[in-house]
Amino acid sequence: MKRILFILICSVIAAGLQAQDVIIPIFTNDNLMLLQTSRDGRLNTVYFGEPLKNESEYKEVARRYNFRDNNAGIYNATYTTAGTWNLVEPAIEVLQSDGNTSLELKYVSHTQEKTDDNATLTIIKLEDALYQFSVKLFYKTWTDLNVIEQWTEIEHSQSEAVVLKKFASANLFFAGNDFYLTTYGSAWAREMQRNEEKLTRGIKSIDTKLGTRAYLLQSPNFIISFDNKAAENTGSVVLGQLAWSSNFRYVFEIDSYENLRFIAGINPFASEYTLQPGETFKTPSLVYVVSHNGTGEASRNLHRWARDYRVLDGNGERLTLLNNWEATYFDFDEDKITSLFKDAKELGVDLFLLDDGWFANKYPRNSDNAGLGDWEENKKKLPNGIGHLVSEATKEGIKFGIWIEPEMVNPKSELYENHLDWVIRQPERPEKYFRNQLVLDLSNPEVQDFVFGIVDKLFTDSPELAFIKWDCNSVIYNAHSAYLERENIPQTHLYIEYTKGLYNVMERVREKYPDVPIMLCSGGGGRGDYELFKYFTEFWPSDDTDPLERVYMQWNYSYFFPSIVTDCHVTDWSDLPLKYRVDVASMGKLGFDIVAHELSENDMQFAKEAVQNYDAFKDVVWHGDMYRLVDPYKNDFAALMYVNDNKSRAVVFNYLVNFRYMLTASILPVKFAGLDSDKKYALKELNVYPGHRSWIDSEKTYSGDFLMNVGINPNINLRNMSVILEVNEVK
Ligand code: GLA
């Protein structure tokens, strides 16, 4: 394989040139960020916007601004320091080894190189003239996709340790404008609730302090839009996420000139980091996509980036499944489970997923208050072990997957009794539980071995195991590590070391088991993050599977994640018809969590056909481009479509979201998008419920031009609550 192609190096040593001459363009096809040194050698962000045609004019940009009064000259610093004359939010704050609190970073050098045909890496070195302390800023740009990944490395060579009090991944600057911010608040089963606001003078900050995940109360996903609210096909937007699986903090500061300063990184809360001489502190990445044509294009590019460069097996296949969680909860035995294999077979899904409750003997896992941590099969429920289930499933012609929650422990468990020092807890304070459990201390290498060992044993015992659902239900309370105490490492390293410990385990898991699909589950969407997607194939967006609420939730997640990673299960959480539930789940990776053999004859026939239809169109949904067509927040229904690369096939999903009596939701036709206007297409309605007739004339053909400018009315109403249309090119 062709390795790194070194095309362009421009290393400029400040000594050789006037410092103010250094201009660093961070460019993608449709965007340009210009960084430039000031007369005194600081690095500033002087431009962010559509590319400038003439490189020779780059040097003119900074001169247009009069940010002169007093400390305003520092507002646009590319990595804002604290402790000198800065009065705005810093990106970095340190306590030097001699106790001094000041830091001043000046430009030293930079390199820019193509890492392959599609990506360029810019590395900029900044240094303090007084203290031996340096920062490297990294910008990796995927030119065609307008995706930027930004992170920072911090080092020093002072004789004693330096304390990092704040250490942002990215410090962005957008010159004066109106700025709108979309963020997503939530609670369990209410994930991704959209909130859009105009930013006004002062600081708006979004953060979490959960320890084991980024998300429960506030999501790390954000959209910044310029001038107007975020729109699907117009306007400039920056859309992204900090790729970090723990506490994060975003600061959006509108300064006194109405500029937006955006600082993103690990939450400094309780996380002062003692950096030893020669040690490098690498921050997580801020991943964002820029578009000057609205959120639709931004999402499509981010999805493609995710599939091509980030998600494990992002362009591969996924397994449809039947999960037993809501069908049995903890109440099952071998016979019950093996009988459910028949349901999976009947439905036509690829895999049966055995959920929680299969393990622990001294304190059997019959509810969520015991057994977690004791990962031997429960002998009463499963006398012949997991291996037997795997071979029974195989006989039935389906694959077998299993649920684990390896980072957690119930106090009622042998693990807790034997390894109290592996548990995160304040030794002198009463324990406080989250879902009756505590978190294991992944900063401790022995605990990392234990967690790796759980996965390793499952695969060693049952090599045909085809899927893992990796759960993580608790947050960290009473953050304290016996291991860090023993090792004389400050307790304020715990959140960071926990997260790095998790990444270490996943590196080991993937080294040994590179391919097996693993789902990220975290009591909902807590772990939908672009760092863990290096190791995982998909995520569970929410325990809330009410299909109506899911329409909104999946709509909101769709800004950030491609369908192939978004697991959507059909359950009994709602009384809405099975068709509506299945149609909503079919816009992601389809699964079922129902008692299939209790379905009515019609429902079963429908479900089987729907799985077959899904198998036939999943390639378009998983690997195609997504277009959001009708916004459920502004209309009585939602519509989205997926189009394959050569625009020969598409699938359009339409869902009623307002159940008002006699309502005709789709008054106007839905204008399709992403097709070829010169191609001819035929439409076919899929997932038609037994006994119903589709009004779609599948004999008729339409030009792409017609479908995109006039559109088709899916006739969404109370009797026709969801409509899936397949669009096929006719030659
Ligand atoms: C979490 C998951 C559920 C299920 C249970 C099992 O709540 O989100 O899907 O796996 O754990 O305890």
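For the numbering used here, add 775 to where a residue sits in the sequence shown, where the first one is 1.
Heads up, the beta-carbon is just placed ideally off N, CA and C, and yes, glycines get one too.
Inspect the CB distances between the stretch 914 to 929 and the stretch 1059 to 1066 and report whether three or more fall short of 8 Å. The stretch 914 to 929, when compared against the stretch 1059 to 1066, does touch it at the 8 Å Cβ threshold.
Enclosing alpha helix (DSSP H) for S730 [first to last residue]: There is simply no residue 730 to check, as the chain begins at 776 and stops at 1506 in what is shown.
Return yes when at least one heavy atom of the ligand GLA lies under 7 Å from the C-beta of G1298, else no. Within the cutoff, so yes.
Segment limits, alpha helix (DSSP H) that includes V1198: V1198 -> no alpha helix (DSSP H), and no H or E assigned at all.
Pull the bridge partners of F1428 from the DSSP assignment, please. The partner list for F1428 (beta bridge, DSSP) reads L1415, I1499.
Just to confirm, is the Cβ distance from A1440 to F1412 under 8 Å? For the 8 Å CB-CB criterion, A1440 and F1412 form a contact.
Could you have a look at Y1252 and say whether DSSP puts it in helix, strand or coil? Taken through DSSP and simplified to helix, strand or coil, Y1252 comes out as coil.
Rounded to a whole number of angstroms, what is the C-alpha to C-alpha distance between I1041 and E1072? Near 28 Å, if we compare the C-alpha coordinates of E1072 and I1041.
Just the Cα atoms here: how many angstroms apart are A1081 and T1312? Computed Cα separation, rounded: 11 Å.
Please state the DSSP three-state secondary structure of H1163. Looking at H1163 - three-state DSSP - the assignment turns out to be helix.
One or two residues paired with A852 in a DSSP bridge: A852 is bridged to N819.
Since K1364 and T1341 are thought to touch, with beta carbons under 8 Å apart, how far apart are those beta carbons, to the nearest angstrom? Sure, about 6 Å apart at Cβ, within 8 Å.
Just how far apart, CA to CA, sit S877 and E868? Their Cα atoms are separated by approximately 8 Å.
6 Å CB neighbourhood of L973 in its chain, flanking five on each side removed: The residue asked about is misnamed: residue 973 is Lys in this sequence, not Leu. Listed in chain order, the non-local C-beta contacts of K973 below 6 Å within the same chain comprise Y955, local neighbours out to five positions each way being set aside.
For a test of the three-state rule: what should DSSP assign to L1215, helix, strand or coil? L1215: strand per DSSP, three-state reduction.
Whole alpha helix (DSSP H) elements within the stretch 1107 to 1160, 4-residue minimum: Listed in chain order, the complete alpha helix (DSSP H) runs (minimum 4 residues) inside the stretch 1107 to 1160 are 1109 to 1122.
Could you tell me the boundaries of the alpha helix (DSSP H) in which A1102 lies? That run of the alpha helix (DSSP H) goes 1100 to 1103.
Per-residue burial, W1470 [other beta carbons within 10 Å of its own, 16 or more giving buried]: Exposed.
Determine the closest residue to S1249 out of I799, T859, W963, with distance taken between C-alpha atoms. The shortest C-alpha separation from S1249 is found at W963.
L905, buried or exposed, once every other Cβ within 10 Å from all chains shown has been counted against 16: Exposed: under 16 other Cβ atoms inside 10 Å.
Alpha-carbon to alpha-carbon, N1492 and M1437: Rounded to the nearest angstrom, the two C-alpha atoms are 8 Å apart.
Spatial distance of P1322 from V1280 (CA atoms): Cα to Cα, the separation comes out at about 35 Å.
Integer Cβ distance of L912 from I899, believed to fall under 8 Å: In this structure L912 touches I899 by the C-beta definition: roughly 4 Å separates them, less than 8 Å.
Alpha carbon to alpha carbon, how far is Y1025 from I981? Give it in angstroms, no decimals. Computed Cα separation, rounded: 5 Å.
I need the boundaries of the beta strand (DSSP E) containing N970, first residue and last residue. Where N970 is concerned, the enclosing beta strand (DSSP E) stretches over 968 to 973.
Are the CB atoms of Q907 and H931 within a distance shorter than 8 Å? Judged by their CB atoms, H931 and Q907 are nearer to each other than the 8 Å cut-off.
Compare the Cα-Cα distances from N1185 to each of I1442, S1333, W1197 and report the closest residue. In terms of CA proximity to N1185, W1197 leads the group I1442, S1333, W1197.
Cβ of S1478 within 8 Å of Cβ of K1459? When the beta-carbon positions are compared, S1478 and K1459 stay at least 8 Å from each other.
For the 8 Å Cβ check, are there 3 or more pairs between the stretch 1131 to 1138 and the stretch 1293 to 1302? The stretch 1131 to 1138 and the stretch 1293 to 1302 do not touch, with fewer than 3 CB-CB distances between them shorter than 8 Å.
Answer yes or no: do K915 and L901 have a C-beta to C-beta separation smaller than 8 Å? Contact check for K915 against L901 fails: the beta carbons are separated by 8 Å or more.
K1174 burial status per 10 Å Cβ neighbour count (16 or more: buried): Taking every protein chain shown into account, the CB of K1174 has 16 or more other CB atoms within 10 angstroms, so this residue is buried.
Provide the residue(s) that pair with N806 in DSSP beta bridges, ordered along the chain. As DSSP reads the structure, N806 sits in a beta bridge with T803.
Measuring alpha carbon to alpha carbon, tell me which of A1360, V1357, F1227, V938 ends up nearest S1046. Distance check between S1046 and each of A1360, V1357, F1227, V938 places V938 closest, using alpha-carbon atoms only.
Given I788, which residues of its chain have a CB within under 7 Å of its CB, disregarding the five upstream and five downstream residues? At I788, the pLDDT of 34 sits below 50, so the modelled position is not reliable and the matter cannot be decided from this model.
Using the Cα positions of T1058 and D1083, report the straight-line distance between them to the nearest angstrom. Linking T1058 to D1083 through their CA atoms gives a straight-line distance of about 23 Å.
Under 8 Å Cβ to Cβ from P1158, same chain only, skipping five residues before and after it: list those, please. Excluding positions up to five away in sequence, the list reads E1109.
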